[in-house]
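K.L.:
2 protein chains.
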Amino acid sequence: MSLLSIVVKALDALDLDDEVNRFVIDRAVNVTRNRPHPWSTKHDYISWSGLTDRSYNARLLPARPVSAEGVGTSRPPLDETVKLFARLPGVNQRLCAKSTGLFPAFAQYLTDGFIRTMLSNDDAQEDRRRTTSNHEIDLSPLYGRTPAQTSALRLKSESPGQRGRLKTQVINHEDYSPFLFGADGVVKPEFAVLDLPLGLKRLTPEGRATLFAAGGDRVNAAVQTAMMNTLFLREHNRVAAMLEKRHGDWDDERVFETARNIMIVMFIKIVVEEYINHINTTEFPLQADPSGAWRAKWNRPNWMTVEFSLLYRWHGLVMENVTWGDMAHPGNSTLLNNSLLLGSGLAQSFVNVSANRTASLGLENASSFMLFAEKGAIAQGRLNNVASYNEYRLTMGLEPARNFAAVVGSSDKPDEQARLSALAARLQGLYGEVNNLEYYVGLFSERVEKNGPLPELLSTMVAMDAFSQALTNPLLSEHVWGNKKNRQLAFTDEGLAVIEGTKRLRDIVDRNAPGLGTGFVGMTRREWKRA
Amino acid sequence: MSLLSIVVKALDALDLDDEVNRFVIDRAVNVTRNRPHPWSTKHDYISWSGLTDRSYNARLLPARPVSAEGVGTSRPPLDETVKLFARLPGVNQRLCAKSTGLFPAFAQYLTDGFIRTMLSNDDAQEDRRRTTSNHEIDLSPLYGRTPAQTSALRLKSESPGQRGRLKTQVINHEDYSPFLFGADGVVKPEFAVLDLPLGLKRLTPEGRATLFAAGGDRVNAAVQTAMMNTLFLREHNRVAAMLEKRHGDWDDERVFETARNIMIVMFIKIVVEEYINHINTTEFPLQADPSGAWRAKWNRPNWMTVEFSLLYRWHGLVMENVTWGDMAHPGNSTLLNNSLLLGSGLAQSFVNVSANRTASLGLENASSFMLFAEKGAIAQGRLNNVASYNEYRLTMGLEPARNFAAVVGSSDKPDEQARLSALAARLQGLYGEVNNLEYYVGLFSERVEKNGPLPELLSTMVAMDAFSQALTNPLLSEHVWGNKKNRQLAFTDEGLAVIEGTKRLRDIVDRNAPGLGTGFVGMTRREWKRA
């Protein structure tokens, strides 16, 4: 990356921020082959179904089935492999230097919208080769992934003061989504078309009464994601009210659709300018400028890959215990239970989440209640015949690791170095040869980068996909965003002003949650210093 | 177009055929805005649903609703407007100088695959704002438009000699699709998932017994399209047999998928090299070379437009009477009735169809039994608030017509000139002002071009869409077709040889229909001479 930093610094010095921005983004995306991908999880060969059936994930690298035995096809026993993620006896969780709890909260809310492995409360309905993704950043956790779901979530009223709104209920003078279950504990008929929250097996009766009717089946998974959805719910209704006031002749449908246009672009702006810049290890702040994408060869429609789906399992960020104000709670108790959010209100919830730290991504650091998720992810990589860790390093333009010590890296702290050496030996024991190391395990075997919350291979892949997915959004196309007249029609002048005025989540919290005051809301810890 | 011809001739003289090819194609596509289109038929404004819901057509130009009265919103009474298409009393059909009946047969079979207005035998299920298209050239008339339909049409057998095949029946020693209806006149249960043939209201009992179980609901519409489907059915099974023989370890699924890969690319080759070259008015023969598309800015996913859907209503090519061997039949009697095909066999049917001429596209020339279709098309344009004829000329880089005489053109034959002058007066009487002329009526008000079967605006729009849709097919992408290793994997060496060896429909007929001999099969009349 040294050449890159030199060029960036040179351009930066010349005050060519837009050019630097385009250069960095272009470079991040062009490290490997662009879409359209020739393969998918439908078949291990190239087929018309594979090229067109978007209920399967695409593939960056072709399948490497075990039937073709050899390097890269080693699959140690699943139960042994998952132990690599478990904390060592008596050892505390390593914490991330940079991130607050708002980072994983946003990451989960974002990725639950388009990384949608076909999971279900009914095991027979699960298929980890398939996806229910729309393959777009479309705020589907808020709006649903189908027109019928969107319809169920909308108020659909032509009455003044109600046009274009999403359904809400008021609790302690604040707006929330309606509850999903009726007093009888059964899903309300109006919400039957929604996807049921995942993980119902683990649902408690107290939790059940607090779950929201939302667009995404992972919105209620944790109180932090429910909080995020509540924020965008309120902002949608606030924007709809603004549009209705300015455009008295618009019907419910037009107010809704235009509010959604504004919300999606606002969300993408947060993705690039707050979230990606939090991940970013350089000092140059990136902007959500789509113009560089209009003529880019990588401007091809999104299609989630099996690799992207796996690399975003940041279960490792979840802490064993969550602090909420002055109380510590087992992390477990904040799943499928929105009581803390409802009790604290939205503003204080954002402050509470931002006051948490996160665990550090990596092996030997998982919260005890998240090991089942790691097991599922490893199995998913195997079911999909995903190629090896070193093959992905190579394809991303990184040097393949020559041995396990190179994978796990080193530390100048003797204790940590001892752990790393032992970890390399564990990996060696399981895989024998470094080229056999599985992709998923390899991703999290690396140490997180200096000045960032992610390890190297993972962050390289995230950057490629994030830019090529966010900036190719249909609303940011040359003919909508890039055409002044169409941009005004699609977003309205007042909508564009709202987007322009939104730089961080805190801005949105501030206008939708009473009582925020000077409370800290952010993804980067205030104590963090660049190394 | 004179600058274009000079450049083409210059490059041609230098023997730079590939460059000419790329130049001509690029120029044809770049006459107007590329995809992604900002508008669709979902809303009259820009919306996320409009940008993503592919069950609606896209739009090249924004909606021009009548509520915004003014130029371009004139809509004369429907019954008066459709009369423009009817032949004048006692006047014979004008015939096309260039085309045989094979041209409309192929055009219909091709476009029925992706121009799929949501029509139905049940009026309540129709929605002329919507489409059931996959938006790809995917041979859906043969394979169905959904995985479930494909599955119903496949033999699905692992037995040697049956792998990868589509279902067939043998009649007079030749293969055809199975019949759709059982002896009881009811759809066979195995085909319940197929879309019913359209136009069942007009079905006769004799016709019913001859209808095929096919992928497309328009395959049985005319004997010519059923013939075309039979050809590709046999070629698919022939290719599958070839693959099975060479790849004894492949299962049914892989043989099927690979045969389909080969068939789709073979079909696209016919589209460009036989069909488009038939439409082409220049002498330079175009080739189906996708490499120019890989870096083209117009390489964006297909999405059928409402304008494209309307311009391809070439009902006007249908003759009042069809000759079949030595017999004349009312054109009407060849609809929803495959008796002629079954009686003659495939080879003789192709010869018979190629021995027909076609009517000439244009007003005052429709076959009596096709007027209902013109009425539906005009209504569809209005329902979708399609902009005016002159707006489309302008957006395609053509000069807008200044008056109705300029629209209808002129002739040096006094009788024809008299008709044209009278036609211009009729148009003036209906629309008043030339800028009010509707798109659909305007398209067919123009005379066909010299050396081609289409009028000017129509052929300009066909060229743009044809290339940008055919050459952006996922199988022709840089990473499949453009990558030697992947190309071999996707098509096999023997499959590539079949594609290479196929230049015209006749080649496919020759290897699948016994008894063709030296019979003429082609889209261009043997008598035709370039003017």
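If you read the protein sequences in the order shown, they are chains A and B. At position 454 of the first sequence the residue is numbered 682 (my numbering), and the sequence of numbers has no breaks. At position 31 of the second sequence the residue is numbered 259 (my numbering), and the sequence of numbers has no breaks. Glycine included, each C-beta is placed from N, C-alpha and C at the ideal position.
#1: Go through its chain and collect everything with a Cβ distance to residue 494 (chain A)'s Cβ below 6 Å, but skip five positions before and after it.
#2: Residues in its own chain within less than 6 Å of residue 334 (chain B) by CB, not counting five upstream and five downstream?
#3: For a quick check, are the C-beta atoms of residue 359 (chain B) and residue 346 (chain B) less than 8 Å apart?
#4: Any chance you could list the alpha helix (DSSP H) runs of at least 4 consecutive residues sitting entirely within the segment 507-587 of chain A, in chain order?
#5: For a cutoff of 8 Å on Cβ pairs, would you count residue 531 (chain A) as touching chain B?
#6: Between the Cα of residue 514 (chain B) and the Cα atoms of B:296, B:284, B:691, which residue gives the shortest distance?
#7: With DSSP as the reference, please indicate the residues paired to residue 450 (chain B) in a beta bridge.
#8: Spell out a yes or no on whether the segment 384-393 of chain B and the segment 465-473 of chain B are touching, meaning 3 or more CB-CB pairs, one atom from each, closer than 8 Å.
#9: Nearest to residue 505 (chain B) by CA position, among B:379, B:475, B:679, B:352, is which residue?
#10: What are the partner residues of residue 676 (chain B), as DSSP defines its beta bridges?
#11: Does the distance from the C-beta atom of residue 531 (chain A) to that of residue 286 (chain A) stay below 8 Å?
#12: Are there 16 or more other CB atoms within 10 angstroms of the CB of residue 352 (chain A), so buried, or fewer, so exposed?
#13: Give me the Cα-Cα distance between residue 428 (chain B) and residue 438 (chain B), rounded to the nearest whole angstrom.
#14: In whole angstroms, what is the alpha-carbon distance linking residue 605 (chain A) and residue 668 (chain A)?
#15: The alpha helix (DSSP H) spanning residue 486 (chain B) covers which residue range?
#16: From residue 443 (chain A) to residue 423 (chain A), what distance separates their C-alpha atoms?
#17: Which same chain residues end up closer than 6 Å to residue 278 (chain A) when comparing Cβ atoms and leaving out the 5 residues on each side of it in sequence?
#18: Could you please give the first and the last residue of the uninterrupted alpha helix (DSSP H) stretch that includes residue 335 (chain A)?
#19: Anything in chain B within Cβ reach of residue 717 (chain A), meaning under 7 Å, just list it in chain order.
#20: Starting from the C-beta of residue 682 (chain B), find all residues in its chain whose C-beta is less than 7 Å away, skip the five residues before and the five after it, and write them out in chain order.
#21: So, residue 363 (chain B) versus residue 282 (chain B), is the Cβ gap smaller than 8 Å?
#22: Looking at the ligand GDP, does it come within less than 7 Å of residue 638 (chain A), judged from the CB to the closest heavy atom?
#23: Could you please give the first and the last residue of the uninterrupted alpha helix (DSSP H) stretch that includes residue 438 (chain A)?
#24: Measure the CB-CB distance between residue 603 (chain A) and residue 306 (chain A) and report whether it falls below 8 Å.
#25: Do you know offhand how far residue 229 (chain A)'s Cα is from residue 702 (chain A)'s?
#26: Let me know if residue 761 (chain B) comes out buried or exposed under the rule of 16 or more other beta-carbons within 10 Å of its beta-carbon.
#27: Taking its Cβ as the centre, do 16 or more other Cβ atoms sit within 10 Å of residue 641 (chain B), making it buried, or is it exposed?
#28: Answer with buried or exposed for residue 671 (chain B), where buried requires no fewer than 16 other C-beta atoms within 10 angstroms of its C-beta.
#29: Excluding the 5 residues flanking residue 357 (chain A) on each side, which residues of the same chain have their C-beta closer than 7 Å to its C-beta?
#30: Determine whether the Cβ of residue 295 (chain B) lies closer than 8 Å to any Cβ atom of chain A.
#31: By how many angstroms is the C-alpha of residue 490 (chain A) removed from the C-alpha of residue 583 (chain A)?
#32: With C-beta atoms as the reference, is residue 591 (chain B) less than 8 Å away from residue 430 (chain B)?
#33: Tell me whether the beta-carbon of residue 594 (chain A) lies closer than 8 Å to the beta-carbon of residue 544 (chain A).
#34: Residues bridged to residue 267 (chain B) by DSSP?
#35: Buried or exposed: residue 377 (chain B), going by 16 or more other Cβ atoms within 10 Å of its Cβ?
#36: With a threshold of 16 other CB atoms inside 10 Å of the CB of residue 399 (chain A), please say whether the residue is buried or exposed.
P.N.:
Let me spell this out:
#1: Hits under 6 Å: 727, 730.
#2: So the qualifying residues of the chain are 503.
#3: Going by beta carbons, residue 359 (chain B) and residue 346 (chain B) fall inside the 8 Å limit.
#4: Here the runs fully enclosed are 519-522, 534-539, 567-572, 574-583.
#5: Closer than 8 Å: no.
#6: Residue nearest to residue 514 (chain B) within the set B:296, B:284, B:691 is B:691 (criterion: CA-CA distance).
#7: Per the DSSP secondary-structure output, residue 450 (chain B) pairs in a beta bridge with B:563.
#8: Contact between the segment 384-393 of chain B and the segment 465-473 of chain B is present, because at least three Cβ pairs lie under 8 Å.
#9: With distances taken between CA atoms, residue 505 (chain B) lies nearest to B:679 out of B:379, B:475, B:679, B:352.
#10: When DSSP reads this structure, residue 676 (chain B) sits in a beta bridge with B:683.
#11: Contact flag set, yes.
#12: Here residue 352 (chain A) is exposed: its Cβ has fewer than 16 other Cβ atoms, across all protein chains shown, within 10 Å.
#13: The straight-line gap from Cα to Cα measures roughly 13 Å.
#14: A direct Cα-Cα distance of roughly 8 Å separates residue 605 (chain A) from residue 668 (chain A).
#15: That run of the alpha helix (DSSP H) goes 480-498.
#16: Approximately 8 Å between the Cα atoms of the pair.
#17: Leaving aside the five residues that flank residue 278 (chain A) on each side, the residues in its chain whose CB is nearer than 6 Å to its CB run, in chain order, 268, 270, 271.
#18: Taken as a continuous stretch (DSSP letters only), the alpha helix (DSSP H) holding residue 335 (chain A) covers 330-339.
#19: Within chain B, the residues 273, 274 have their CB atoms less than 7 Å from the CB of residue 717 (chain A), given in chain order.
#20: Excluding five sequence positions before and after residue 682 (chain B), the CB atoms of its chain that fall closer than 7 Å to its own CB belong to 507, 589, 676, 690, given in chain order.
#21: Their beta carbons are under 8 Å apart, which means residue 363 (chain B) touches residue 282 (chain B) by this criterion.
#22: No copy of the ligand GDP appears in this structure; indeed no ligand is present at all.
#23: Segment: none, residue 438 (chain A) is in no alpha helix (DSSP H) and carries neither H nor E.
#24: A Cβ-Cβ contact shorter than 8 Å links residue 603 (chain A) with residue 306 (chain A).
#25: Note that residue 229 (chain A) has pLDDT 45, beneath the 50 cutoff, so the model's placement of it is unreliable and the number below is only indicative. Rounded to whole angstroms, residue 229 (chain A) and residue 702 (chain A) show a C-alpha spacing of 31 Å.
#26: Missing from the structure shown is residue 761 (chain B); chain B here goes from 229 to 759 and no further.
#27: An exposed status is given to residue 641 (chain B), since fewer than 16 other beta-carbon atoms sit within 10 Å of its beta-carbon.
#28: Result: buried.
#29: Non-local C-beta neighbours of residue 357 (chain A) in its own chain, meaning closer than 7 Å and more than five positions away in sequence, comprise 269, 284, 611, 612, ordered along the chain.
#30: Residue contact with chain A for residue 295 (chain B): absent (no Cβ-Cβ distance below 8 Å to any residue of chain A).
#31: Each residue's Cα considered, the two are about 29 Å apart.
#32: Going by beta carbons, residue 591 (chain B) and residue 430 (chain B) fall outside the 8 Å limit.
#33: Contact flag set, yes.
#34: B:287.
#35: It counts as buried.
#36: Counting the other CB atoms within 10 Å of its CB gives residue 399 (chain A) a total below 16, which places it among the exposed residues.
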